[in-house]
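Notes to accompany the following structure.
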Amino acid sequence: MSFLLPNKIFPRLTDIKIKDLDELNIKAVLLDVDNTLTVDHGKAFIENAQQWIDDVLQSGRKILIMSNGKRKRLSKLLGAVGLECISMSAKPLPFSYWLSAIKLETPIKNILMVGDQLFTDVLGAKLSGAKAFLVKPIEPEVKFSFVIRRRLENRYLKKHCKDCEGL
231 MSFLLPNKIF PRLTDIKIKD LDELNIKAVL LDVDNTLTVD HGKAFIENAQ QWIDDVLQSG
291 RKILIMSNGK RKRLSKLLGA VGLECISMSA KPLPFSYWLS AIKLETPIKN ILMVGDQLFT
351 DVLGAKLSGA KAFLVKPIEP EVKFSFVIRR RLENRYLKKH CKDCEGL
């Protein structure tokens, strides 16, 4: 098993269906923020994200936001949604994933991380024992470090992932 290969890949968060969660026996979902729920440093969710969150919660699952972002910014974004978050999570280190399992009162093997980066979201989930879905970034980042990281991610996926065409 590769620590960099997600369990599944989707074009967008809202393309993930409840049946996809059922297939992996997922009881709780961790959501990344930037380029998953919103554009990078955005102030609002992508279209239909709130409905997706509501559907997941209505299916009896729990949701926790996990981001390397600062609490102040996340609090503004998440204010009306009522979801808890772990900020400055230090992904890909597994500690915040394990903390989330305690907060959610859910075994780590039944937790899914949904995010847009192999080297943070997917790697951290896999190191901790959680599952991971990768979504295509909403918008390309312009910072040099992100451009390099995305190139490395794409090369890795092309070489190791049979189901990754078109992402």
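Residue numbers (my numbering): 231 to 397.
Just so it is clear, CB atoms sit at the ideal spot from N, CA and C, and this is done for glycine as well.
Quantities reported herein were computed from a predicted structural model and do not represent experimental measurements.
For residue 261, write down the residues that DSSP places opposite it in a beta bridge.
Within the sequence shown, residue 261 is the residue found at index 31, counting from 1. DSSP output for residue 261 lists 295, 344 as bridge partner(s).
| query | Among residues of its own chain, excluding the 5 on either side of residue 289, which ones have a beta-carbon nearer than 6 Å to its beta-carbon? | reply | Taking the first residue of the sequence shown as 1, we reach residue 289 at position 59. Taken in chain order, the residues that qualify are 248.
_Please state the DSSP three-state secondary structure of residue 356._
Your numbering for residue 356 matches position 126 in the sequence shown. Reduced to three states, the DSSP call for residue 356 is helix.
In the DSSP assignment, what are the bridge partners of residue 239? Residue 239 sits at position 9 when you count from the first residue of the sequence shown. For residue 239, which the question treats as bridged, DSSP gives the partners 364.
> For residue 287, which option in 296, 313, 277 has the closest C-alpha, if you only look at C-alpha atoms?
Replying inline: The sequence position of residue 287 within the sequence shown is 57, counting from 1. Residue 313 is the option with its Cα nearest to residue 287.
Margin query: On the criterion of 16 or more Cβ atoms from any shown chain inside 10 Å, does residue 321 qualify as buried, or is it exposed?
Written below: As a working mapping, residue 321 is identified with position 91 in the sequence shown. With 16 or more other Cβ atoms within 10 Å, it is buried.
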